[in-house]
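Quick note on numbering: the sequence shown equals residues 1 to 107 in the UniProt record's numbering. For every residue, glycine included, the Cβ atom is placed at its ideal position computed from N, Cα and C.
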Amino acid sequence: MGFFDSEIVQQEAKQLFGDYQSLMTLGADYGKFDREGKKLFIEQMEAIMDRYRVFMKRFELSEDFMAQMTVEQLRTQLGQFGMTPQQMFDQMNRTLERMKAEVERTV
């Protein structure tokens with residue numbers, strides 16, 4: 001069975017990307033959130049990034065041809081911006097850390 005044929009992989013991908021889309025829609029109003037709302041948003045974003053990191057690691061570790069092609073496509077796309085997948089995750093973490101610091105400065 002191929003990587004993408006797995007019902008678990010399909011469910012997880014659907015849930016992960018659905019959760020991400022919902023959070024991004026909610027995030028459009030981030031500036032209107034109170035301090036606790038901003039903290040909750042950041043925590044949820046960190047949780048999604050952790051889930052995404054694990055999901056991508058599964059692709060990397062899979063011997064399935066399509067999974068490897070997906071990883072290579074991501075590397076190629078990010079490479080067009082001079083970035084690796086690890087650098088993408090590092091940048092996301094730095095952004096979330098800046099957001100946390102900003103929330104802590106506002107009382």
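For A28, does the three-state DSSP call read helix, strand or coil?
The residue given as residue 28 occupies position 28 in the sequence shown. Collapsing the DSSP output to three states places A28 in coil.
From which residue to which residue does the alpha helix (DSSP H) around G2 run?
The count along the sequence shown starts at 1 and reaches residue 2 at position 2. Element bounds for G2: n/a, residue is neither H nor E.
Could you pull out every residue in the same chain whose Cβ sits closer than 6 Å to the Cβ of K38, ignoring the five residues on either side in sequence?
Looking up residue 38 in the sequence shown gives position 38. So the qualifying residues of the chain are V103.
Just to confirm, are M49 and M92 a CB contact at a threshold of 8 Å?
In the sequence shown, residue 49 corresponds to position 49, counting from 1. In the sequence shown, residue 92 corresponds to position 92, counting from 1. Yes. Within cutoff.
Pair every Cβ in the region 59–68 with every Cβ in the region 2–12, then say whether three or more of these pairs are closer than 8 Å.
yes
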